[in-house]
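Just below is one structure, and these are the notes that go with it.
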Amino acid sequence: MPNITVELLRGRTLEQRRDFARAVADHAVEILGARRQDVRMVFSEITPDIVANGGVLASEDDSRAGVVASLADD
1 MPNITVELLR GRTLEQRRDF ARAVADHAVE ILGARRQDVR MVFSEITPDI
51 VANGGVLASE DDSRAGVVAS LADD
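Numbering (full-length UniProt numbering), first residue to last: 1 to 74.
What follows is the structure, encoded as structure tokens:
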């Protein structure tokens with residue numbers, strides 16, 4: 001039984017999480033031979049101030065400002 005943990009920046013919609021879960025489950029069935037009902041996913045929402053990329057907090061990274069701002073608007 002695959003147990004998959006997904007960390008996403010807060011702000012993804014229910015539809016986005018649903019579509020992502022479906023796509024990942026499809027691939028787990030195809031690639032791992034898992035039964036669909038046994039593919040378990042847990043979504044953890046994180047905020048930009050608790051994750052860093054390349055040593056820079058996402059909330060302070062100018063190259064990610066557009067993504068962070070779009071998620072905050074949702």
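Beta carbons are placed, not taken as given, at the ideal position from N, Cα and C, and that holds for glycine.
Endpoints, the alpha helix (DSSP H) within which residue i is located
i, result
"ARG22", "14 to 27"
Rounded distance between the beta-carbons of residue j and residue i, thought under 8 Å
i, j, result
"ARG64", "PRO2", "Their Cβ separation, rounded to whole angstroms, is 29 Å, which puts ARG64 and PRO2 out of contact at 8 Å."
"VAL29", "THR5", "At roughly 18 Å, the Cβ-Cβ gap does not stay under 8 Å, so VAL29 and THR5 are not in contact."
For residue i, three-class secondary structure by DSSP
i, result
"ALA65", "helix"
"ALA52", "strand"
Boundaries of the beta strand (DSSP E) in which residue i is found, first to last residue
i, result
"residue 118", "With the chain running from 1 to 74 in the structure shown, residue 118 is simply not present."
"GLU7", "3 to 9"
Residue i Cβ short of 6 Å to the ligand GDP heavy atom set
i, result
"THR13", "In the structure shown, the ligand GDP is absent, as is every other ligand, since no ligand is present at all."
Three or more C-beta pairs closer than 8 Å, one from the segment 37 to 55 and one from the segment 4 to 20: is that the case here? yes
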